[in-house]
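Okay, structure first, notes after.
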Amino acid sequence: TPPKKSACEEDWPPMETMAKWMMRAGPARVLRKEAIVAAGPERLPVFTLTFAQPESVEAFRMDMGDVVKIVVPGYKPKSYSVSAMRPGEFDVTFKVYPNGRASGYLDRLAIGDDATVFRRGNKSRFAGRFVGLVAYGVGITEALPVAAAEVEKGDAERVTLLWANRTAADAFWGDRIADLEATGKFTLVSIFSRERHDDALHGRITADVLQRVFGPDIARVEGDAKFLSVGTKLMMAETDAMFAAIGCPMPAFSLFTGK
1 TPPKKSACEE DWPPMETMAK WMMRAGPARV LRKEAIVAAG PERLPVFTLT
51 FAQPESVEAF RMDMGDVVKI VVPGYKPKSY SVSAMRPGEF DVTFKVYPNG
101 RASGYLDRLA IGDDATVFRR GNKSRFAGRF VGLVAYGVGI TEALPVAAAE
151 VEKGDAERVT LLWANRTAAD AFWGDRIADL EATGKFTLVS IFSRERHDDA
201 LHGRITADVL QRVFGPDIAR VEGDAKFLSV GTKLMMAETD AMFAAIGCPM
251 PAFSLFTGK
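With our numbering, the residue at position 224 of the sequence shown is 224, and numbering never jumps.
If you want it as structure tokens, here you go:
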């Protein structure tokens with residue numbers, strides 16, 4: 001019986017895939033670093049790194065949920081969402097985990113350092129009269145830019161984002177959320193697992209929670225709804241099962257298909 005592979009080896013892409021990826025890679029220079037959430041007794045820090053867009057790397061499509069693959073030395077390329085774009089530069093917002101190899105590498109990057117990056121994304125979009133998004137923790141860094149793009153594109157009459165965190169202190173980007181809410185087409189619903197607040201749900205995301213948050217709009221648009229969840233692979237698979245339980249199976253109700 002062959003020895004059991006480690007979790008890292010299980011996720012490691014084949015060598016031929018790595019070779020193709022590296023052919024599309026280029027150096028992205030760190031321009032700025034901003035603290036978004038300060039570390040606390042039960043709170044991990046969140047930072048935003050601003051990189052120069054490499055000329056050799058295809059531009060990211062933030063509205064389509066493209067990810068930037070960052071090559072972590074001695075490890076493997078790690079996917080991160082592009083949280084903002086400006087001419088000639090892009091942002092990556094990340095949480096620093098204890099002993100995290102990828103997040104630790106990003107945290108150690110200094111202004112002027114280069115990271116090897118490439119674009120990963122080949123998705124197709126399917127519009128709906130209602131768009132619902134689910135973000136788990138730092139998954140907001142992909143979900144909110146996609147929500148903003150859906151509001152701007154105008155196909156959806158309403159866009160609702162359900163954001164799960166442990167506590168209110170884990171949340172960030174209040175100004176960006178307020179700007180979206182001011183359009184009158186966007187709603188943020190927060191759910192906290194460790195705190196109770198009058199203006200937020202309490203507990204964890206379940207099929208009943210999805211029905212409570214998205215159900216009225218699904219009925220209003222007579223099923224012309226599309227959804228996206230952003231979190232770990234396991235979280236997203238579990239969320240897909242929850243959507244199926246409320247009559248919205250994937251991929252029929254997916255905002256995006258492809259990778």
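Even for Gly, the Cβ is constructed at its ideal location relative to N, Cα and C.
Non-local C-beta neighbours of Thr239 in its own chain, meaning closer than 6 Å and more than five positions away in sequence, comprise Val134 and Ser229, ordered along the chain. Counting C-beta atoms within 10 angstroms of its own C-beta, Ser79 has fewer than 16 neighbours from the protein chains shown and is therefore classed as exposed. C-alpha of Gly112 to C-alpha of Phe47: approximately 17 Å in a straight line. Residue ranges of uninterrupted alpha helix (DSSP H) with 4 or more members, entirely inside the region 43 to 127 and ordered along the chain, are 101 to 108.
In the three-state scheme derived from DSSP, where H, G and I count as helix and E and B as strand, Pro145 is classed as helix. Excluding the 5 residues flanking it on each side, Gly40 has same chain C-beta neighbours closer than 8 Å at Ala169, in chain order. Collapsing the DSSP output to three states places Thr167 in coil. DSSP lists Ser124 as the beta-bridge partner residues of Thr257.
With respect to Val30, Ala115 sits close: the two C-beta atoms are nearer than 8 Å. Ile177 sits close to Leu188, with the two beta carbons spaced by under 8 Å. Nearest neighbour of Leu49 by Cα position, chosen from Thr257, Gly231, Gly65 and Lys95, turns out to be Lys95. Annotation for Thr187: the continuous beta strand (DSSP E) segment containing it runs Phe186 to Phe192. When the Cα atoms are used, Val72 and Asp66 turn out to be separated by approximately 19 Å. Between Phe256 and Met64, the gap from beta carbon to beta carbon is short of 8 Å. Secondary structure note for Phe243: its alpha helix (DSSP H) is the uninterrupted segment Lys233 to Ala245.
Burial state of Lys226 is buried, judged by a 10 Å Cβ sphere holding 16 or more other Cβ atoms. Under the three-pair Cβ rule at 8 Å, the region 119 to 135 counts as touching the region 209 to 228. In the DSSP assignment, Ala135 falls outside any alpha helix (DSSP H) and lies within the beta strand (DSSP E) extending over Phe130 to Tyr136. Restricted to the region 194 to 228, the alpha helix (DSSP H) segments that are unbroken, complete and at least 4 residues in length are 207 to 220, listed in chain order. Close CB contacts of Glu150 within its chain, under the 6 Å cut and outside five residues either way in sequence, are with Val131, Ala156 and Val159 (chain order).
If you look at Glu34, you'll find it isn't in any alpha helix (DSSP H); it sits in the beta strand (DSSP E) that goes Gly26 to Val37. Annotated three-state conformation of Gly154 is coil, per DSSP. A Cβ-Cβ separation of about 6 Å places Phe60 in contact with Arg119 under the 8 Å criterion. For Pro77, the CB contacts under 7 Å within the same chain, skipping 5 residues up- and downstream, are Trp21, Lys69, Ile70 and Val71 in chain order. Thr141 counts as buried, since at least 16 other C-beta atoms from the protein chains shown sit within 10 angstroms of its C-beta. Sequence-distant partners of Met242 (beyond 5 residues in either direction) whose C-beta falls short of 6 Å from its own C-beta, in its chain, are Ala207 and Leu210.
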